[in-house]
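Engineer:
Number of protein chains: 2
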Amino acid sequence: MGSSEEPIIKRQEKRNMKESSEKKEVTLDEVFCPRGVAVVGVSASKLAFAELVVHALKGAGFPAIYPVNPKYREVLELPCYPSVTAIPGVVDHVVVNIPAESVLKLLDECAEKGVRSVHFFTAGFGESGYQERADLEKEMLVKARAGGFRIIGPNCVGLYVPKSRVLNHFDDPLEPGPIGFISQSGGHAQNIPHYSRTRGLRFSKVVSYGNGLDVNESELLDYFAEDPETEIIAAYIEGVKDGPRFLAALENAASRKPVVIYKGGRTEAGRRAAHGHTASLTSSVAIFDALCRQVKAIPVDDLDEMIDVLTAFRFMRPLPREGGVALVGAGGGPSVLAGDGMEKEGLRLPGFSVEVQEELKKVLPVPGSIFINPLDTPNLATAGAVSVAMQVLGRVPEIDLLVYHLGFHPISRWGSGRLSTEDFLKPVISAMKETMRENGKPVVLALRPPQDLDGMKEFLAVQEAFVEAEFPVFHSMRKLARSVARVIEWKRTSSSDG
Amino acid sequence: MGSSEEPIIKRQEKRNMKESSEKKEVTLDEVFCPRGVAVVGVSASKLAFAELVVHALKGAGFPAIYPVNPKYREVLELPCYPSVTAIPGVVDHVVVNIPAESVLKLLDECAEKGVRSVHFFTAGFGESGYQERADLEKEMLVKARAGGFRIIGPNCVGLYVPKSRVLNHFDDPLEPGPIGFISQSGGHAQNIPHYSRTRGLRFSKVVSYGNGLDVNESELLDYFAEDPETEIIAAYIEGVKDGPRFLAALENAASRKPVVIYKGGRTEAGRRAAHGHTASLTSSVAIFDALCRQVKAIPVDDLDEMIDVLTAFRFMRPLPREGGVALVGAGGGPSVLAGDGMEKEGLRLPGFSVEVQEELKKVLPVPGSIFINPLDTPNLATAGAVSVAMQVLGRVPEIDLLVYHLGFHPISRWGSGRLSTEDFLKPVISAMKETMRENGKPVVLALRPPQDLDGMKEFLAVQEAFVEAEFPVFHSMRKLARSVARVIEWKRTSSSDG
Chain P
1 MGSSEEPIIK RQEKRNMKES SEKKEVTLDE VFCPRGVAVV GVSASKLAFA
51 ELVVHALKGA GFPAIYPVNP KYREVLELPC YPSVTAIPGV VDHVVVNIPA
101 ESVLKLLDEC AEKGVRSVHF FTAGFGESGY QERADLEKEM LVKARAGGFR
151 IIGPNCVGLY VPKSRVLNHF DDPLEPGPIG FISQSGGHAQ NIPHYSRTRG
201 LRFSKVVSYG NGLDVNESEL LDYFAEDPET EIIAAYIEGV KDGPRFLAAL
251 ENAASRKPVV IYKGGRTEAG RRAAHGHTAS LTSSVAIFDA LCRQVKAIPV
301 DDLDEMIDVL TAFRFMRPLP REGGVALVGA GGGPSVLAGD GMEKEGLRLP
351 GFSVEVQEEL KKVLPVPGSI FINPLDTPNL ATAGAVSVAM QVLGRVPEID
401 LLVYHLGFHP ISRWGSGRLS TEDFLKPVIS AMKETMRENG KPVVLALRPP
451 QDLDGMKEFL AVQEAFVEAE FPVFHSMRKL ARSVARVIEW KRTSSSDG
Chain X
1001 MGSSEEPIIK RQEKRNMKES SEKKEVTLDE VFCPRGVAVV GVSASKLAFA
1051 ELVVHALKGA GFPAIYPVNP KYREVLELPC YPSVTAIPGV VDHVVVNIPA
1101 ESVLKLLDEC AEKGVRSVHF FTAGFGESGY QERADLEKEM LVKARAGGFR
1151 IIGPNCVGLY VPKSRVLNHF DDPLEPGPIG FISQSGGHAQ NIPHYSRTRG
1201 LRFSKVVSYG NGLDVNESEL LDYFAEDPET EIIAAYIEGV KDGPRFLAAL
1251 ENAASRKPVV IYKGGRTEAG RRAAHGHTAS LTSSVAIFDA LCRQVKAIPV
1301 DDLDEMIDVL TAFRFMRPLP REGGVALVGA GGGPSVLAGD GMEKEGLRLP
1351 GFSVEVQEEL KKVLPVPGSI FINPLDTPNL ATAGAVSVAM QVLGRVPEID
1401 LLVYHLGFHP ISRWGSGRLS TEDFLKPVIS AMKETMRENG KPVVLALRPP
1451 QDLDGMKEFL AVQEAFVEAE FPVFHSMRKL ARSVARVIEW KRTSSSDG
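Heads up: the sequence lines are chains P and X, in that order. Under the working numbering, the first residue of the first sequence is numbered 1, with each subsequent residue one higher. Under the working numbering, the first residue of the second sequence is numbered 1001, with each subsequent residue one higher.
1) Which term fits P/R321, buried or exposed, when burial requires 16 or more other beta carbons within 10 angstroms of its beta carbon?
2) What are the residues that DSSP puts in a beta bridge with X/E1074?
3) Mind checking if X/L1402 is an interface residue toward chain P, Cβ cutoff 8 Å exclusive?
4) Tell me which residues of the region 299-331 of chain P have at least one Cβ-Cβ distance to chain X shorter than 9 Å, keeping chain order.
5) Measure the Cβ-Cβ separation of X/E1345 and X/R1482 and say whether it is below 8 Å.
6) Any beta carbon of chain P sitting closer than 8 Å to that of X/A1234?
7) DSSP three-state call for X/L1349: helix, strand or coil?
8) Using 8 Å for Cβ pairs, my map puts X/R1035 next to X/V1090. What's the rounded Cβ distance?
9) Is the region 245-262 of chain P in contact with the region 297-308 of chain P, if contact means three or more CB pairs nearer than 8 Å?
10) Looking only at its own chain, which residues have a Cβ that is under 8 Å from the Cβ of X/E1217, when we skip the five neighbours before and after it?
11) Output needed in chain order: residues of the region 213-244 of chain P with a Cβ under 8 Å from some Cβ in chain X.
12) Can you list the alpha helix (DSSP H) stretches of 4 or more residues lying completely in the region 1417-1477 of chain X, in chain order?
13) Could you give the distance in angstroms between the alpha-carbon of P/L453 and the alpha-carbon of X/L1453?
14) If you draw a straight line from the alpha carbon of X/R1395 to that of X/T1493, how long is it in whole angstroms?
15) Along chain X, which residues have their Cβ under 9 Å away from the Cβ of P/D29?
16) Have a look at X/Y1066 and X/P1244 and give me their C-alpha separation to the nearest angstrom.
17) So P/R256 is in the alpha helix (DSSP H); what residue range does that whole segment cover?
18) Assuming the contact rule is C-beta atoms closer than 8 Å, P/L402 and P/V309 should be a hit. Round their C-beta distance to whole Å, please.
19) Given X/S1003, which residues of its chain have a CB within under 6 Å of its CB, disregarding the five upstream and five downstream residues?
20) Between which two residues does the beta strand (DSSP E) holding P/K361 run?
21) Taking 8 Å as the threshold (C-beta atoms), are P/E30 and P/G148 in contact?
22) 8 Å is my cut-off, CB to CB: does P/K14 come that close to chain X?
23) At what residues does the beta strand (DSSP E) containing X/Y1160 begin and finish?
24) Assuming X/R1150 is part of the beta strand (DSSP E), what are its boundary residues?
25) P/V443 and P/M456 - do their beta-carbons sit closer together than 8 Å?
26) Report the rounded CA-to-CA distance for X/E1019 versus X/E1464, giving the unit in angstroms.
27) What residues from chain P crowd round X/G1126, counting only those whose CB sits closer than 9 Å?
28) Decide if the region 159-171 of chain P is in contact with the region 136-144 of chain P; the criterion is three or more beta carbon pairs, one per stretch, under 8 Å apart.
29) On the DSSP bridge assignment, give the partners of P/L406 in chain order.
30) Tell whether a beta-carbon distance below 8 Å holds between P/I179 and P/T230.
31) What is the residue span of the beta strand (DSSP E) that P/A235 lies within?
32) Judging by CA-CA distance, which residue of X/D1289, X/L1364, X/D1135, X/R1256 is the nearest neighbour of X/L1213?
33) Quick check on the DSSP output: the beta strand (DSSP E) that includes X/F1049 runs from which residue to which?
34) Drop a sphere of 10 angstroms on the beta-carbon of X/T1435, count the other beta-carbons inside from all chains shown, and report buried for 16 or more, exposed for fewer.
35) How would you list, in chain order, the residues of chain X whose beta-carbon sits under 7 Å from the beta-carbon of P/P334?
36) Give the secondary structure of P/L201 by DSSP, where H, G and I count as helix, E and B as strand, and everything else as coil.
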C-alpha cells in the first residue's frame, strides 16, 4: 500500500473495468470541475429543481451560468438562451429538466457544443417500467459515447462539488471537506450534507447518480478510492447492476479508506419503492451486509447512523483500537442510562482506582459528585474542575477514550449559569484538546438536543463551539456508543494504519 | 375487572402489603394534594434545588409557600421562617434540602407540625455506602411512622402534580394529562416531562422516589393502577428492594393499564452507577425484561423510546391490532428508507390494487408521484390532493393505519411554499381526522427535525399543529415503526379491551 505501488494497481484496475473503455476521454475529475454550466428547462414562472440549481449556482458565485429555454429571454436575472448551442461561452456541464421525450435532440446539441457531462434531473426513464423508456435510455447512452461526454442520472440531483462552486441547493456549504458521498437517491444526496452540517461534516464531492445509466456506483467507488481530496467514503445504494464489478470496487475502496454504506430497499416495501425509484433490482440485505463486512466496508442501519459513523471517523483523533471509556457528566439517572448505553454496544467502563478517585475528589465538588465510572459531576462544576478531571482520567492506562455528556434541560439555565458562556466552554474545550494531545486519547461529546426553541439556541451554540474545535458530537449516548464501537471494530480488523 | 370488584381487590392487596401497615393513615392521594408546602434549607444567596422549587411553586400560583431557614427573613420575595413549627399556616408537604446530619431534628418538628409528607432532596444516605448513613435512614423511617407522615426519597426531586400546582421545576406544564410516571431518578423525573412536552404528553402525577425509603416503586404502581386520573403508567426503575412484591404490583398494574418500563443499570457500568445513585441492587436485565413481558408490561430500551411508546399509546386512536401500513410522503430515497424502517419492525406495507392506484392518480400529480406503497408524492402536493389520498387509503381493507412523513430540509422552503401555512396544514389535518373517524384507523406522523434554527421554527410550528389536533408525532421512521409495533404487540396479547 506504499504510494510507489499505486500506479501499478491503477493500471491493473483499468484493465479489469469494462466501463472504462477507450472511448471515455472525459475523466470524472474533469466532470467535477466544469468551467460553464447550462441549465436546460428552467422556468421564469415557477420555482422547481432547475431554478433551484440556477439560484444555488448564483449564490455560490459560480462564474458562468447559462439558463436555457426558448420561451424566455431572462430567468432569475440571468440571460436565458434558446438552446445549448446558442450559448456564447464554454459549457462543460449541462443540467437538464425537460420531458423525457425531448432528450435525444438535446443530446445532439450537447455533442455539437462539446460538453463534458450531462446531468438529467428528469425522471420517467427505466424506472417508469415502460419498455420504450428503457430503450430510450440505451439510445441516450449511445449518443453520449459517440459525443464523448458522460451522463449523470437520469433521475437524480447530480453534482455537489464545493471546491468548484457546483451546487444543487442553496443550503450546500461552500467549504469542502474530506468526505466523498455517492448517492443513488437525490433526496439523500441533499439530506446528508444538510443534516450533518452542524456536526461539522463537509464533503469533497457528492454525486447523486439515480438510474446510473453511465456514471454508476462502481466507477464512483473507484474514483473516490483514488481521490486525494477524499479520506472517507459514504454510499447510499439501492441496487447494483453488476454485482461482481461492484464488489471488486467496494473491496478496493474499503482497503484504502473507511467506506460507510447503506443499502436502501432492505425490505419488501423498501425494495418496491427502490424499483419505482431508480429501477434497481435489489438483493437480500443479509447477503449485502455480510459481503460488506467481508471486504471491511461498514454497513449502517439507516442514514442517521451513517452521519454518526462518519462523525466518529472524521473527528476521533486518534481512532481508538480498544473500548475502555471514561464517562463524565451530570446526573445520577443520566449516568446510569449512559453506562447502559455504552456497554450495550460492547464498550467497557473500567472502574477507577482509589488513587484516581482521590485525585478527582481534590478538584470536583464532593457532595454532588459520585466518584465511580460513570463519573457523575454537575454540568457546571467549574471549568477548572472539569478540565483537571479530564486530564486525570486521560492518564489512566485502562481508558482509551473520554466521553463527556451534557443535557440541555431548562434546568441547566437555572442558577449557576449558562453552558454557552465563555467562562465555561472555552477553558473546558482547551483542556479537552490538551488531554487529547498529551495522552493520545480522543474526547467524544454527547449533547442531548432539547425540544424547545430557547434550549435549541443554547444547544446549537454549544455544539458549534465543540464542532469548531473539531470534536465529534453525538445526539444521544446510544448513538455515540454505537458509532464509536463501529470505528473500533473497523480499526481492529482493518489493515490500514491511517 | 368491572368497577364493582375493585374494592375487594383493593382490600386483598392491602392485606398483602407489608408497607401498608395500620399506622399509615396518610394516603398517597392526600400526599398529592398539599394545602401548604414548606421548603426547608432555601437560600437567599444562591440558586439551587430548594430555590428552584420555591420559584416553580410561585410561578404556578401555588397559594401557600413557606421558605424555611433561620438565617433569612425573606427568600425570593416571600417571608422566610426559622423552623417548620414557626410557620403560621397549614403545612402538608415539606421539601428538604439540608445536610443529612440535621434531618432527625427536622423530622421531630414535622411531627409536631402535623405534616402529611416530607420529601428529601438531600442525598448522602444509604446510597453513600456508609453504614451510619444507612442506620440514619432507618431512624428517619421510625420517626415518620411514629409521626404519621410519609417520606418521599431521600435523594430525589419529589413531586410534580399539575392539578395541585405542585411542581419541582419552572418548566413543568400546568395542564394535567393521563400519564403517571414513577422515577427512581430525579433527573429523569424532570427530563421525561420536558422532552415529551412538545409531543403533547402530559402527566397526572410524576413521583421521583430516589432511595425509596418509605414510598417506593411497588406502592406507587399500586396507586397508579387504581388512580382514575392515570390511563398509562411509565416507570424508570434502577432496582427493587422486594422482588416478589414488585412483580405482583407490576402484574396488577399491567393487567389494567399499559405500563411502559425502563430498568436502569442494565449493564455493569449502569449498575455501578445505579448503586452509587440510589443504593439499588439491580438484577439481570434479561430476567427483568422477560418478567415484564410475562406480566404484559412493556420494557423499553431507553428513555427516548419510552417517550415514543407513550406517544403511541396516548394518541393512536384506536390502538391497532394489526400492522398493515399505508405510507405517504415525499421523495424516492426517503420512501425507500421509510419502507425499510417499517418492515424491520415487523409492520407490513400491503401493495395497492390497480383500482386504488387509479383513484390516487385522479388526485395526485402523476409525474412526481410513484403510486405504490410507500406512496411517494410531493411534500406540497395540494392539501386537497393529500386529503383525498388519505381518504382513499383509509378505505383499503388491508390497511390498519396510515403514516404520513414530512421532511424539513430547507428545500421544503423553496418555491412552492411553506408547510406551516394555514392553506396546507389545516385542511390536511381535517382530512386526517375525518379519515380516522370514518374508517376507525389511526393516522401517525413522522416529522424529521432539522438541524438549523430556521428549520426548527417551522418544524416546531408544524409539530404543534399536529399535536394540538392530538396526533401521535415521531421524529424518525424507525422510532415510529418501533413504537407502533410495540403497541400492536401489546394490544394483541393484552386482555384489556381499553
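Heads up, the beta-carbon is just placed ideally off N, CA and C, and yes, glycines get one too.
Structural biologist: Judging by the given coordinates:
1) Exposed: under 16 other Cβ atoms inside 10 Å.
2) Per DSSP, X/P1079.
3) No, X/L1402 does not count as interfacial toward chain P.
4) The residues in question are D301, D302, L303, D304, V325, L327, A330, G331.
5) Contact flag set, yes.
6) It does not: the Cβ of X/A1234 has no partner Cβ on chain P nearer than 8 Å.
7) DSSP places X/L1349 in coil when its eight states are reduced to three.
8) Distance from X/R1035 to X/V1090 at the Cβ level is roughly 5 Å; contact confirmed, criterion being Cβ atoms closer than 8 Å.
9) Yes, the region 245-262 of chain P touches the region 297-308 of chain P.
10) Closer than 8 Å at Cβ, skipping near neighbours: I1182, Q1184, Y1209, A1235, I1237, V1240, F1246, A1249.
11) Flagged, chain order: Y236, E238.
12) Within the region 1417-1477 of chain X, the complete alpha helix (DSSP H) runs of at least 4 residues fall at 1422-1439, 1453-1468.
13) If you take the alpha carbons of P/L453 and X/L1453, they lie about 8 Å apart.
14) Rounded to the nearest angstrom, the two C-alpha atoms are 26 Å apart.
15) Within 9 Å Cβ-Cβ: nothing; P/D29 doesn't reach chain X, min ~26 Å.
16) A straight-line Cα-Cα distance of about 40 Å links X/Y1066 and X/P1244.
17) Annotation for P/R256: the continuous alpha helix (DSSP H) segment containing it runs 243-256.
18) Going by Cβ atoms, the distance from P/L402 to P/V309 rounds to 19 Å, so no, they are not a contact pair.
19) At X/S1003 the pLDDT is 40, less than 50, meaning the model places this residue with poor confidence; the figure from the coordinates comes in the next sentence. Sequence-distant partners of X/S1003 (beyond 5 residues in either direction) whose C-beta falls short of 6 Å from its own C-beta are missing from its chain.
20) Here P/K361 belongs to no beta strand (DSSP E); instead the alpha helix (DSSP H) covers 354-363.
21) Result no, Cβ atoms of P/G148 and P/E30 do not sit closer than 8 Å.
22) With a pLDDT of 44 at P/K14, under the threshold of 50, the modelled position of this residue cannot be trusted; read the value that follows with caution. Not flagged as an interface residue toward chain X: P/K14, since no C-beta distance is shorter than 8 Å.
23) 1158-1160 is the extent of the beta strand (DSSP E) around X/Y1160.
24) According to the DSSP assignment, X/R1150 belongs to the beta strand (DSSP E) that extends over 1150-1152.
25) It is not a contact, given that the beta carbons lie outside the stated cut-off.
26) Low per-residue confidence applies at X/E1019: pLDDT is 46, beneath 50, and the placement is therefore not dependable, though the value from the model is reported in the following sentence. If you take the alpha carbons of X/E1019 and X/E1464, they lie about 43 Å apart.
27) Here the premise fails: no neighbours, minimum Cβ distance about 13 Å.
28) Verdict: no, contact absent.
29) When beta bridges are read from the DSSP output, P/L406 appears opposite P/L447.
30) Judged by beta-carbon spacing, P/T230 lies within the 8 Å limit of P/I179, meaning their Cβ atoms are closer than that value.
31) 232-237 is the extent of the beta strand (DSSP E) around P/A235.
32) Residue X/D1135 holds the alpha-carbon nearest to the alpha-carbon of X/L1213 among X/D1289, X/L1364, X/D1135, X/R1256.
33) Run containing X/F1049: none in the beta strand (DSSP E); it sits in the alpha helix (DSSP H), 1049-1060.
34) Buried.
35) For P/P334, the chain X residues whose C-beta falls within less than 7 Å of its own C-beta are G1187, listed in chain order.
36) Under the three-state reduction of DSSP, P/L201 is assigned to coil, being neither helix nor strand.
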